[in-house]
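Comments concern the structure below.
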Amino acid sequence: MLHTLYLVGIAAFAASGVLAAHRARMDPFGGLVLAFVASISGGTLRDLILDRHPLYWTHDWVLLTVVACTGVATMLFLRHRELPQRTLMVVDAVGLAVVTVMGAQAAIDAGVTPIAVVLLAVLTGVTGEVLRDVLCGQFPPLLLREEVYATAALAGALCYLGLHHAGASPTATTVTSAGLVLALRLAAITKSLHLPPLSRAQGTDTDRIPDQDPDPAIPDQDPAPARNPVAPPEPPC
Numbered sequence: 375m376l377h378t379l380y381l382v383g384i385a386a387f388a389a390s391g392v393l394a395a396h397r398a399r400m401d402p403f404g405g406l407v408l409a410f411v412a413s414i415s416g417g418t419l420r421d422l423i424l425d426r427h428p429l430y431w432t433h434d435w436v437l438l439t440v441v442a443c444t445g446v447a448t449m450l451f452l453r454h455r456e457l458p459q460r461t462l463m464v465v466d467a468v469g470l471a472v473v474t475v476m477g478a479q480a481a482i483d484a485g486v487t488p489i490a491v492v493l494l495a496v497l498t499g500v501t502g503e504v505l506r507d508v509l510c511g512q513f514p515p516l517l518l519r520e521e522v523y524a525t526a527a528l529a530g531a532l533c534y535l536g537l538h539h540a541g542a543s544p545t546a547t548t549v550t551s552a553g554l555v556l557a558l559r560l561a562a563i564t565k566s567l568h569l570p571p572l573s574r575a576q577g578t579d580t581d582r583i584p585d586q587d588p589d590p591a592i593p594d595q596d597p598a599p600a601r602n603p604v605a606p607p608e609p610p611c
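To convert a position in the sequence shown, counted from 1, into our numbering, add 374.
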């Protein structure tokens, strides 16, 4: 069941890559490239950090077939019907939820520290989205905006770690954590939830350049008015 759920997340990311390529007016080859980039980049980065060889997708022909078939099917669908921007965000949310918790599971299986589990889970979930947006010329990527995106992945990773240490079953841990990520992301999409920016005010007094004395070398500036010279005393008669 867990492997099937993982394939669903991979397929969702592959579809999101094609949808992003379609909005960027790429050709079918570009759409297929983005399907693979969006779906396997996060797991590839995770395996490289964990020094796992071979990479998880190099010997999984089922996964590669799912990515390719999903990409082609999405491109064929888009030839006959346009989809709104929200569709891309919802499909991407499904991929983020599943891939994040699978990243947490892989990190736990590797025996790394709890902090590393959380970091690797978030990296696994968001890397494909970042590369997809960069290749589409969309900057800053969704991750670097005020969207609740990486925050949702972080919450799911913490939930997975907590349930795992509490002794919950792998299936319950995975489904609950993925559901939390998906719920947070969908709430952010439907309710337009955003994180507060680092700077609330713009153009504050601290941003102003302090006043400077006029430079006499610049001809456009008016010179300082000359003082009236003091008349010398008249010589005595």
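The beta-carbon is built from N, C-alpha and C at its ideal position, and this holds for glycine as well. For clarity, every value in this text was computed on a predicted model and none was experimentally measured.
Query: Extract the residue ranges of the alpha helix (DSSP H) inside the stretch 498 to 575, only unbroken runs of 4 or more that lie entirely within it.; Result: 524 to 539 and 544 to 565
Query: Just the Cα atoms here: how many angstroms apart are L393 and G405?; Result: 8 Å
Query: Near L424, what residues of its chain come up, given a Cβ to Cβ distance below 6 Å and the 5 sequence neighbours on each side ignored?; Result: A484
Query: Determine the burial state of P590: buried for a count of at least 16 other Cβ atoms within 10 Å of its Cβ, exposed for fewer.; Result: Unreliable positioning characterises P590 in this predicted model, as indicated by a pLDDT of 48, which lies under 50. A coordinate reading is not provided.
Query: What number of angstroms, rounded off, separates the C-alpha of M476 from the C-alpha of M400?; Result: 30 Å
Query: By the three-class DSSP mapping on this structure, what secondary structure does W435 have?; Result: helix
Query: Look at A542 and V472 and say whether their C-beta atoms are less than 9 Å apart.; Result: no
Query: Mind checking whether the beta-carbon of L457 lies closer than 8 Å to any heavy atom of the ligand SAH?; Result: Because no ligand of any kind appears in the structure shown, any question about the ligand SAH cannot be addressed here.
Query: Could you check how far apart the C-beta atoms of S413 and V441 are, in whole angstroms? I think they sit under 8 Å.; Result: 5 Å
Query: Are the beta-carbon atoms belonging to T548 and L379 less than 9 Å from one another?; Result: yes
Query: In this structure, how does DSSP classify L429 when only helix, strand and coil are distinguished?; Result: coil
Query: Ends of the alpha helix (DSSP H) at G477?; Result: Q459 to D483
Query: Tell me the rounded alpha-carbon separation between V522 and L554.; Result: 13 Å
Query: State the Cα-Cα distance for the pair A557 and A395, rounded to the nearest angstrom.; Result: 26 Å
Query: Would M375 pass as a contact of T545 if the rule is Cβ separation under 9 Å?; Result: yes
Query: CA-CA distance, A490 and H433?; Result: 26 Å
Query: Only counting the same chain, and skipping five residues up and downstream in sequence, which positions put a Cβ closer than 6 Å to that of V436?; Result: none
Query: Does the Cβ of Q512 have 16 or more other Cβ atoms within 10 Å, making it buried, or fewer, making it exposed?; Result: exposed
Query: In angstroms with no decimal places, state the Cα-to-Cα distance between A552 and H454.; Result: 32 Å
Query: Excluding the 5 residues preceding and the 5 following V468 in the sequence, name in chain order all residues of the same chain whose CB lies nearer than 6 Å to its CB.; Result: A386
Query: Nearest to A562 by CA position, among T525, A480, A495 and S390, is which residue?; Result: T525
Query: Report the rounded CA-to-CA distance for L462 versus A481, giving the unit in angstroms.; Result: 28 Å
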